[in-house]
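The structure under discussion appears below in the form of structure tokens.
2 protein chains.
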Amino acid sequence: MTKKGILLLSGGADSTTLFVHALEKGWTIYPLSVDYGQKHAVELEAAKQIVDYYRMFYYEVKYRNCVKDLKVLNFDLSQIGHSALTDETQEVPNSMKNQIQTVVPFRNTLLATLAAAYGESLELNPITIFMTPVKEDFETYRDCRIPFYHSLTETLRLGSTRETEIEIITPFIGTTKAEIIALGTKYKVPYELTHTCYKGTRPACGKCPACIERLEAFKTNSLKDPLEYEKE
Amino acid sequence: MTKKGILLLSGGADSTTLFVHALEKGWTIYPLSVDYGQKHAVELEAAKQIVDYYRMFYYEVKYRNCVKDLKVLNFDLSQIGHSALTDETQEVPNSMKNQIQTVVPFRNTLLATLAAAYGESLELNPITIFMTPVKEDFETYRDCRIPFYHSLTETLRLGSTRETEIEIITPFIGTTKAEIIALGTKYKVPYELTHTCYKGTRPACGKCPACIERLEAFKTNSLKDPLEYEKE
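Taken in sequence, the protein lines are chains U and F.
All the letters of the first sequence, read from the start, carry residue numbers 1 to 232 under the numbering used here.
All the letters of the second sequence, read from the start, carry residue numbers 1001 to 1232 under the numbering used here.
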């Protein structure tokens, strides 16, 4: 039986690596991206390019049929704001110190629930959802911790239209970004297509918490990040 | 201390009664409505009129300050569809038999989560959310049952940006619509301002599951529903 899963693809390095990891493990993937009013909506363009790459240009032809159309949902959380990522009145912080300002209230709850609803519309059962919390997220992002995902899975199971098996798979929840880059490099993930910077600029700013962590992860692997960064 | 709560106000008879009930119990209410792409978006107009009524025209002047501005969020679930209420390719059923078609996948999970996010943006702590599942919802709507709300509360508690007390209050979960109408009549709820019909027509269709249950609730109380209905 084909294993099918919905994967929340942000267009960043972590979820892109998980996407390729799932393909390598034999999953058929329905990629899902959400335009939630993030200032770095340019990441959605990255998600499209990554999906196109694996559908059309991937060296392993056998995987092409395992990547379904990218679904992009518009769900504008800037209507609620209260995060440096969605609120025009707040600036994206320039250091790790203020990372808490980059939390988008209940983002992962909303994203997983949208994925589950999308799964119902596809009439999947079980509904399997791939998400990419990583080890570094643990401290600041409470919705990137194991007990949260256990509870969320139960909530979705109880709240589905009909009795449905629901599973949220988070293989990288205890994995560092450096380990993810190492794995993805093995898989030949096209990191040059991904986007990470919270400011949404290209070249990337190199200073926001997302850029800092990404650069560090490549550095730990003695690899050069293929993305361009702003010069000082 | 002022008791403050966010109340999901659909503009229908049940949530409007809960709104007034909460005011009568001394709560200050932040009403929240969501345009989720429902065919009966006319209910949002009803929600606005109800809020205006209690802010400006209510006979008990002392309650006017207890009703905060109505927040309306746009989160278009017709992008996912798979429900007769949001999907143009599906017709709203004309009997109770096909009520399951009126389920909007994970609607209550999404609405409660949006309410919690709104609560964070208002910097409320605790975040108290009023919702209106009723006894008749139990059979068809799995997201209107007690274990679901327990689990959802825990999920929101674990997924909030900072540690926050979260409470979902559902006083009518074991209450019939007839009992709700009886209570609301005691409170002088202006039911003529509410909207219930799933087809979104005015006069109301009188045949969809929502109309059928509403008419029955008034009939049980030997009351005349002040809304107009289509003639045969």
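By construction, the Cβ of each residue, glycine as well, lies at the ideal position given by its N, Cα and C atoms.
Next on the checklist: Does any residue of chain U have a CB that is nearer than 7 Å to the CB of Asp1143/F?
Outcome noted: yes
Checklist entry - How far does the alpha helix (DSSP H) with Tyr118/U in it reach, from first residue to last? => result 107-121
Checklist entry - By DSSP, does Gly1184/F sit in helix, in strand, or in coil? => result helix
Item to check | Identified DSSP bridge partners for Glu167/U | outcome: Thr128/U
Checklist entry - Going along the chain, which residues of the region 162-189 of chain U sit with their C-beta nearer than 9 Å to a C-beta in chain F? => result Arg162, Glu163
Checklist entry - Are the beta-carbon atoms belonging to Pro1209/F and Thr1102/F less than 7 Å from one another? => result yes
Next on the checklist: Applying the 10 Å Cβ sphere with the 16-neighbour rule, what's the burial state of Lys1071/F?
Outcome noted: buried
Next on the checklist: Taking DSSP's pairing of strands, which residues face Pro1031/F in a bridge?
Outcome noted: Leu1007/F
Item to check | Cβ shell of Glu1216/F (< 8 Å), same chain only, five flanking positions each side left out | outcome: Lys1177, Ala1178
Item to check | Whole runs of the beta strand (DSSP E) within the region 126-162 of chain U, excluding any shorter than 3 residues | outcome: 127-130
Checklist entry - Taking the Cβ atom as the reference point for each residue, do Lys1135/F and Thr1196/F lie within a distance shorter than 7 Å? => result no
Checklist entry - Cα separation between Gly159/U and Thr1140/F? => result 11 Å
Next on the checklist: Please identify, using Cβ separations under 8 Å, the residues of the region 1088-1112 of chain F that lie next to chain U, in order along the chain.
Outcome noted: Ile1100, Val1103, Pro1105, Phe1106, Asn1108, Thr1109, Leu1110
Item to check | Residues near Arg1064/F by beta carbon distance below 8 Å, same chain, minus five either side | outcome: Tyr1054, Arg1055, Met1056, Tyr1058
Checklist entry - Is there contact between the region 1073-1089 of chain F and the region 44-53 of chain U, where contact requires at least three CB pairs shorter than 8 Å? => result no
Checklist entry - With 16 as the cutoff for other CB atoms within 10 Å, does Met96/U come out buried or exposed? => result exposed
Checklist entry - Going along chain F in order, which residues have a C-beta closer than 7 Å to the C-beta of Glu120/U? => result His1082, Pro1105
Checklist entry - What three-state label does DSSP hand Val1020/F in the structure shown? => result helix
Checklist entry - In the structure shown, what three-state DSSP assignment does Ile53/U receive? => result The displayed chain sequence assigns Tyr, not Ile, to residue 53/U. Of the three classes helix, strand and coil, the one that applies to Tyr53/U here is helix, per DSSP.
Checklist entry - Is there a Cβ from chain F that is less than 7 Å from the Cβ of Pro147/U? => result yes
Checklist entry - What's the gap between the Cα of Leu1077/F and the Cα of Pro1093/F? => result 19 Å
Checklist entry - If we cut at 7 Å on Cβ distances, does Glu1154/F have a partner in chain U? => result yes
Checklist entry - Which class does Ala1041/F belong to by DSSP, given the choice of helix, strand or coil? => result coil
Checklist entry - By how many angstroms is the C-alpha of Pro1133/F removed from the C-alpha of Ala1041/F? => result 19 Å
Checklist entry - If Gly5/U and Thr194/U are in contact, beta carbons under 8 Å, what's the gap, nearest whole angstrom? => result The Cβ separation is near 20 Å, so there is no contact.
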